[in-house]
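Residue numbers (the numbering used here): 61 to 794.
Quick look at the structure:
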């Protein structure tokens, strides 16, 4: 028997009747938003809508960029709601306080947080709605709710009486909201975690029916192509649009805050006319920026002491007294996001309203910045989120939405779809930071590490985008992947030196795990080699089983994480055949990392030619990520992160000359091609315990595969790599 206890909407759940007499349900977990009163002042937003015709709609408050949230998040609601998932409709949620991501503090998709944030609260939303529907049916029948049950969208009462959810939706909206809603144990799940569950968005994507931003159509819509300064941060000095205006289909040429836009009847007409613009650019402070100057600036900055973000014992004293010290500096380049779908937005700005239709990871921010750019109030800006043709952190930023809104207004308040070309996108990205990462370890007479010193020097993404979170010289996103240092070393001193290079930087898939953890796991291999130990066994021998919690990450490298690391390492040793020999020219490398509450170990096999051309032949991953909401998509996520990370470390490098990014398309910025993908990718997910929360899977694999590849190259060639990407030239000169 279930006891339903009431509590106020202020404390937990909000309900409201929707047009047509149905039920709409939204809710807050206590403390999930920083300003609950502000949230309550907003119009109630909901996760579930049920209308009298028995249509069940579940809203998705995270952006779908291929990671599967349009399936996994509705599954969590539907599991507890007890509905036929094949008949559920899915919609993307508008901006709203109820959709705050409690792990990030905004309506934001990133940090592998979507499922982790949703795991409890969306199940509670589904369970609450079910209990309210059952209570409404019980009241109609005049029986106790405990004598009724719900399944497949139908409530059954004593004597076989039945009512659909739609038939009681209006009455359910008047029910008191339940408190302390009981949730199913994982062992009773019918939808979540089932391998047979298919993605809900696949059929429409196969048919070409899915609406990505670039597919948007509005009545009377025009198209915009843009000319932006080739120099980072440059501005228009003057321009001549005579030839552009004479082209067929051109409706307007306008100067907006970042450049000059041509607005025409079709994108092709706009692009061809844009190519005829004669623009003089003011390059500004970055006009003379080059890679030599940029790296020299980073090296100079690296000599500064930096801000301490983790310290224990006396690292400097222990290093001074060590039998042997080893120091290595790793140089990692800028990387581009380069999503398959370049940046685009459709905007229609009028005197009293703006409609923004866009692929974005940060819906909540757009009304404010578009309002600021157009003179409108945030509440006058309507945002519609489309599917994203890739995001990887680039679409956390909303610069392209501002551009489109400005162009629409300047062109005469007409609907305009602005599309960046591939070259626009790659040369005006916000890049994964470059940096220098120096590690020093002191070994005792038994080659046991007694001290580790870590010092990173790189730009801060948060200092540009969210400066309020940078405290005492520490950007918390700049130290992830090393702050949770997992090895048992008594003396540690980790420091971070912030340095602005002049290149615009942004959040990139797995953020600083792809910097810090890559350097760390390469360095651990060096320590194993210096100790004459097997690299995998060396990790097992040194993984920490302490319980220290760390200031910036908030993660624990205690018993739970340490034991999880030991398990994945032992499993990957077995699954990969680590101890079997390989022929000359081939090598295996290993890496392990905890990130986003997932623990991943990988073994990579490579083949290196005499000219140091390297092929990645096999990747074996063992993953402890807790419960999998959608197992097939979890597998796809791991496979995708492996390919993405392989692209980054084997080919990825953005360079700057005279203030301009040199790479403009995939002929210059290489990504892994189909024939270069590993011939075998094996992913093994570990079983989980009841009550274990899910980990994130959209990002961490990118940071584990890179050092595993580097360590495999060393095993195959004897070349220890300290500079990425791992091109034949860099391997040869190592």
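Here a beta-carbon is modelled for each residue, glycine too, at the ideal position from N, C-alpha and C.
Range covered by the beta strand (DSSP E) that runs through residue 4
Missing from the structure shown is residue 4; the chain here goes from 61 to 794 and no further.
Start and end of the alpha helix (DSSP H) containing residue 342?
Segment 338 to 342 is the beta strand (DSSP E) holding residue 342; no alpha helix (DSSP H) there.
According to DSSP, simplified to helix, strand and coil, what is residue 744?
strand
Taking buried to mean at least 16 other C-beta atoms within 10 Å of its own C-beta, is residue 212 buried or exposed?
Classification of residue 212: exposed, given that the 10 Å Cβ count is below 16.
Please report the straight-line C-alpha distance between residue 299 and residue 479, rounded to a whole angstrom.
21 Å
Is it buried or exposed for residue 393, if we count other Cβ within 10 angstroms and need 16 for buried?
Buried, since its Cβ has 16 or more Cβ neighbours within 10 Å.
Straight-line Cα distance separating residue 536 from residue 746
So the two alpha carbons sit approximately 29 Å from each other.
Residue of 377, 451, 421, 473 minimising C-alpha distance to residue 407
473
Let me confirm a value: residue 698 is counted as buried when at least 16 other C-beta atoms fall within 10 Å, else exposed. Which label applies?
With 16 or more other Cβ atoms within 10 Å, it is buried.
Quick check on the DSSP output: the beta strand (DSSP E) that includes residue 498 runs from which residue to which?
495 to 503
Give the single residue among 793, 557, 676, 188 whose Cα lies nearest to the Cα of residue 364.
557
With 16 as the cutoff for other CB atoms within 10 Å, does residue 104 come out buried or exposed?
With a pLDDT of 29 at residue 104, under the threshold of 50, the predicted position of this residue should be treated as unreliable, and no value is reported.
Where do the N-terminal and C-terminal ends of the beta strand (DSSP E) with residue 485 fall, by residue?
That residue, residue 485, is in no beta strand (DSSP E); its alpha helix (DSSP H) goes 482 to 487.
Out of curiosity, what's the CA-to-CA distance linking residue 148 and residue 116?
5 Å
Roughly how many whole angstroms lie between the Cα atoms of residue 309 and residue 564?
35 Å
Where does residue 205 sit, in a helix, a strand or coil, going by DSSP?
helix
Note down the Cα distance separating residue 646 from residue 108, rounded to an integer number of angstroms.
54 Å
Roughly how far, in whole angstroms, is the beta-carbon of residue 476 from the beta-carbon of residue 426, given that I think they are within contact range, below 8 Å?
That belief does not hold up - the Cβ atoms of residue 476 and residue 426 are roughly 16 Å apart, past 8 Å.
For the beta strand (DSSP E) containing residue 21, list its first residue and its last residue.
Residue 21 is absent from the structure shown; the chain starts at 61 and stops at 794.
Out of 111, 755, 499, 784, which has the shortest C-alpha to C-alpha gap to residue 38?
Because the chain here runs from 61 to 794, residue 38 falls outside it and cannot be looked at.
What does a CB cutoff of less than 7 Å around residue 98 pick up in its chain, not counting 5 residues either side in sequence?
Residue confidence is low: residue 98 scores 30 on pLDDT, short of 50, so the model does not pin down where it sits. Its coordinate-derived value is still stated next. Cβ neighbours of residue 98 beyond the five flanking positions: 157.
Please list the segments of the alpha helix (DSSP H) lying wholly inside the region 513 to 547, counting only runs of 4 or more residues, in order along the chain.
Complete alpha helix (DSSP H) runs here, min 4: 521 to 525.
In chain order, what residues of the same chain lie with their CB nearer than 6 Å to the CB of residue 752, ignoring the 5 residues before and after it?
686
Alpha-carbon to alpha-carbon, residue 780 and residue 389
12 Å
The alpha helix (DSSP H) enclosing residue 774, as first and last residue numbers:
761 to 777 is the span of the alpha helix (DSSP H), which, as asked, contains residue 774.
Return yes when the Cβ of residue 413 is within less than 9 Å of the Cβ of residue 344, no when it is not.
With a cutoff of 9 Å on beta-carbon distance, residue 344 and residue 413 are scored as not near each other.
Considering residue 267, what are the terminal residues of the alpha helix (DSSP H) in which it resides?
For residue 267, the enclosing alpha helix (DSSP H) covers residues 262 to 267.
Short check: CB of residue 322 to CB of residue 330, under 9 Å?
yes
Compute the distance between the beta-carbons of residue 446 and residue 419, then report whether it is under 9 Å.
Remark: C-beta atoms of residue 446 and residue 419 approach each other more closely than 9 Å.
Do residue 352 and residue 719 have their beta-carbon atoms positioned less than 9 Å apart in this structure?
No.
Would the beta-carbon of residue 375 fall within 9 Å of that of residue 513?
yes
Minimum C-alpha distance to residue 602 - residue among 582, 626, 586
When C-alpha distances from residue 602 are compared across 582, 626, 586, the shortest belongs to 626.
Short check: CB of residue 286 to CB of residue 311, under 9 Å?
no
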